[in-house]
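Using my numbering, the first residue of the sequence shown is number 116, and each one after it goes up by one.
C-beta atoms are modelled at their ideal positions from N, C-alpha and C, and glycine is treated no differently.
Here the structure is a predicted model, which means the values were calculated and not measured.
One structure below.
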Amino acid sequence: MAVAAGPAGVPGPGTTLGSCPVLPADNAFNRDISHAPVDRRSAAYVRSIGLRARLHPDFGRNRYGIPFRVVPATQAPVPVRFDAYGSESDKGPYPIPLDAPIEGGSDRHVLVLQEGTCRLYELFGARRTGRGFTAASGATWDLRSNALRPKGWTSADAAGLPMLPGLARASEVVGAGRITHALRVTVPRSQRAYVFPARHFGSGDADPALPPMGLRPRLKASYPLGSFHGQARVILRALKTYGLIVADNGSPWYITGAPDGRWDDDDLHQLDRVPGRAFEAVRTGPLTRR
């Protein structure tokens, strides 16, 4: 695998989950991009995602969001078979409990972090079959490393990125009172290209006005936060410092988090007031189209 820390921004304090780092502090997910230069195509990218479309938390107290499970180093591995993108998937077995939560809806993601090894296991299109799982694709990550997927490879996400590092987690917002990493976001259309740290495009469209996978939108420093409070304010502060990372096609400006009973849904829905025009895209490196 290629290894790189990322050209945009400066290292942040990093983040941890259980006993593991969630990628090194100098990883692209964990870099402070508040002073990174604006991309020359920023206006076109933001317009294509939606100037009037609103930011939206695609997670909350109940089952909305992408769940994950932390397991011990002793968790037994189970067979995993791939039926769609096996040639770009990391072979099993994976230490996934048979009762691991599966994301609702059609994407059916499974995310498991194994303590001790600090290895992340992610599946897309997962379903339990016998004593294991069948999935469309899967990827594993050493969270102590900046290693990337091979060029052109997908993961459990369209952009070839890990998913867990980009989730909003209540343990950060409610517990620590701050998020120190980028948040995963979806866009309605993307171009056939990706930028670091993404490794895979999610579209065949050649329109250069569309965002590439891996794009880093950032909430403008000038956007006022005085009318926001609580959990929403914590998230918006993070979006000014660490920004978003485009990881899949979907609804415009939908940010991803893990479901948790500690979320305050009314509080989170303050985010629905933030329009797309409040964002700008930062420069992260050259486009890759293959």
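Counting along the chain, the unbroken beta strand (DSSP E) around Thr-244 starts and ends at 242-244. Selection Gln-229, Val-193 and Ala-151 evaluated against Val-186 yields Gln-229 as nearest (Cα-Cα).
Residue environment: Pro-339 is assigned as exposed (fewer than 16 neighbouring CB atoms within 10 Å of its CB, all protein chains considered). The beta-carbon separation of Asp-141 and Pro-126, rounded to 4 Å, stays under the 8 Å limit for a contact. A check of alpha carbon separations from Ser-270 across Arg-242, Ala-251 and Arg-404 identifies Ala-251 as the nearest. Taken through DSSP and simplified to helix, strand or coil, Ile-360 comes out as strand.
Taking the CA atoms as reference points, Arg-184 sits about 7 Å from Ala-215. DSSP places Gln-190 in the coil class of the three-state scheme, outside both helix and strand. Measuring C-alpha to C-alpha distances from Gln-385 to each of Phe-343, Asp-375 and Ala-362 identifies Phe-343 as the nearest. Annotated three-state conformation of Tyr-209 is strand, per DSSP. The secondary-structure analysis by DSSP pairs Thr-269 with nothing; it has no beta-bridge partner. If you draw a straight line from the Cα of Ala-274 to the Cα of Asp-382, it is about 30 Å long.
Within the stretch 290-364, the runs of beta strand (DSSP E) at least 3 residues long that lie entirely inside it are, in chain order, 298-302, 331-334 and 359-364.
The alpha-carbon separation between Asp-363 and Arg-293 amounts to approximately 25 Å.
For Ala-123 and Gly-245, the gap between their C-alpha atoms comes out near 45 Å.
Contact annotation: Leu-263 and Pro-327 have beta-carbon atoms that are not nearer than 8 Å. Between Gly-281 and Phe-144, the C-beta spacing is below 8 Å.
Within the DSSP bridge table, the entry for Asp-381 names no partner. Taking every protein chain shown into account, the CB of His-224 has 16 or more other CB atoms within 10 angstroms, so this residue is buried. With respect to the C-alpha of Arg-284, the residue from Asp-272, Ala-254 and Arg-299 having the closest C-alpha is Arg-299.
Membership of Tyr-369 in the beta strand (DSSP E) is indicated by the continuous run 369-371. Contact between Pro-192 and Leu-235 is absent: CB atoms are separated by about 14 Å, not below the 8 Å threshold. Within the same chain, Cβ atoms closer than 7 Å to the Cβ of Val-349 are found at Val-288, Gly-292, Arg-293 and Ile-294, the five residues on either side in sequence being excluded. With a cutoff of 8 Å on beta-carbon distance, Glu-218 and Pro-182 are scored as near each other.
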